[in-house]
């Protein structure tokens, strides 16, 4: 899938034209992409969207019709449009693998190149990374709440447009939701596709039993029946049991039933008892209907007997408390070899200057202790003092018996990917593995444990020095 270079904000183009006129377009620049708050008021995020972001960078070029549209706006000079005709991304990108568990204020992507290249790609990279990281994080929370039950992504009809539906299915898999109802996503991303039938199927027949029998005749080895069109316990489940007996006589088995309304905890318990009593303990109970991690958690807490959760709207839109959008930003951290930072009255929003690396402190068993952001070329030793970036007076020391792991690698050099894309299964396995290594409480849905992200002494000193210099220059301006 090609992302047009016109998938950008107008100011990226006006800045690019301005840099060209000022003779600044070829200056070397470094940008960091990061977010300031963990999504959903949670304790972590799951990084996703890297492969489509790299595909965008690798294929970046303006087609003749796109240049003609820009010409028609009457904003840009012919020399700038000529410049865009040969415009490509030849830069370097450093990032963690998809599925890595990440936290607020950590540099996810670092983009290096000419000022023209690195600045222009801001909007598209944020669009891709923000949405997919949001959805992967939501998926991880839902999978955690499901506690071993299967989760299927059901969100296409409520997703933010066709591309949103595809991106959701992809990112949800990275976060641990490994199947989808979206057939196109199944083809594009090699995902298992799952589904049942709609209430309209039942309504289209003279009665519910006739509808169930017809569906079982059409799909005898994959029958899952929607049982709440009329009355779940008085009609739907008894009719499903009748069809299950008829299938068994023909050498087939009913796969499951779906509950899409009502008290899902109560209905799933009663349905389970009815199927077990009838001799069908293997029939799966699927639940849907505006589910999120909190509803799933409450169903389990109330003794619900759900085997499979179909999660749609909230997952596909990244909705819920603290959701809706990931607040990712893209900030200049160095230009022409000089570190840069953005300063505000709130030091928590001051950017971290210079080229950096992101390290993870691991315990002897590989468990995650804290993350440390350091200047490139600097690695703190065991017992080193590190600082809270939002509250520099708060310090901690790195454990003497731990180790440091560099979370990121160069994933693109000279505008070309450095390695083949990973499978979504590999990414999903990574996120599951890393989530299990978090400190206790980080995955808690409400008031999670705060995972420490610190900066090393040299970076803290550089930031303080630059802040002081900027404050002095403002006083003498």
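In my numbering, the protein residues as written are 172 to 648. Yeah, the Cβ is synthetic: ideal placement off N, Cα and C, and Gly gets one too.
Within the DSSP secondary-structure output, residue 510 pairs in a beta bridge with 505. Scanning its chain for C-beta atoms nearer than 6 Å, with the 5 sequence neighbours on each side dropped, one finds around residue 370 the residues 400, in chain order.
Residue 444 and residue 357 have their C-alpha atoms roughly 34 Å apart. Within the same chain, 423 come within 7 Å of residue 392 by CB-CB distance, once the 5 residues on both sides are set aside. Under the 8 Å Cβ criterion, the region 544-556 counts as touching the region 564-584, having at least three qualifying pairs.
DSSP places residue 607 inside the alpha helix (DSSP H), whose first and last residues are 595-607.
In this structure, the beta-carbon distance from residue 304 to residue 218 falls below 8 Å.
When C-alpha distances from residue 628 are compared across 307, 591, 567, 556, the shortest belongs to 556. One thing to note: residue 414 has its Cβ no nearer than 8 Å to the Cβ of residue 430.
Our two residues, residue 333 and residue 634, have alpha carbons roughly 43 Å apart in a direct line.
The C-alpha of residue 448 is placed about 12 Å away from the C-alpha of residue 409. In the DSSP assignment, residue 363 falls outside any alpha helix (DSSP H), carrying neither H nor E.
In this chain, the alpha helix (DSSP H) harbouring residue 182 covers 181-192. Runs of the beta strand (DSSP E) lying entirely within the region 542-604, each at least 3 residues long, are 556-558, 566-568, 574-577, 580-584 in chain order.
With a cutoff of 8 Å on beta-carbon distance, residue 204 and residue 286 are scored as not near each other. About 6 Å separates the beta carbons of residue 274 and residue 622, which is inside the 8 Å limit, making them a contact pair. Rounded to whole angstroms, residue 643 and residue 539 show a C-alpha spacing of 40 Å. Nearest to residue 279 by alpha-carbon distance, out of 584, 220, 200, is 220. Counting along the chain, no beta strand (DSSP E) covers residue 632; the unbroken alpha helix (DSSP H) around it starts and ends at 628-646.
If you look at residue 412, you'll find it in the alpha helix (DSSP H) that goes 408-420. Residue 242 and residue 252 have their alpha carbons spaced roughly 7 Å apart. For the options 319, 212, 197, the alpha carbon positioned closest to that of residue 506 is the one of 197.
Scanning its chain for C-beta atoms nearer than 8 Å, with the 5 sequence neighbours on each side dropped, one finds around residue 484 the residues 326, 329, 461, 490, in chain order. In this structure, the CA atom of residue 520 is about 10 Å from the CA atom of residue 512. Under the three-state reduction of DSSP, residue 248 is assigned to coil, being neither helix nor strand. Contact between residue 581 and residue 263 holds, since their C-beta atoms are separated by about 6 Å, short of 8 Å. Take the alpha-carbon of residue 323 and the one of residue 546: they are about 42 Å apart. Straight-line spacing of the CA atoms in residue 596 and residue 573 works out to 29 Å. Of all C-beta pairs linking the region 582-591 to the region 219-235, three or more are shorter than 8 Å, placing the two stretches in contact. Taking a C-beta distance under 8 Å as the contact criterion, residue 345 and residue 599 qualify as a contact pair. Distances from the alpha-carbon of residue 473 to those of 404, 446, 441, 482 put 441 closest. Boundaries of the beta strand (DSSP E) around residue 456: 455-458. Residue range 484-488 is occupied by the alpha helix (DSSP H) that includes residue 485.
The DSSP assignment places 221-229, 235-243, 249-256 as complete runs of the alpha helix (DSSP H) inside the region 207-261, in order along the chain (cut-off: 4 residues). Out of 421, 208, 372, 604, the CA that lies nearest to the CA of residue 271 is found in 604. Here residue 475 has 435, 436, 439, 440 as same chain residues with Cβ atoms under 7 Å from its own Cβ, once five neighbours each way along the sequence are excluded.
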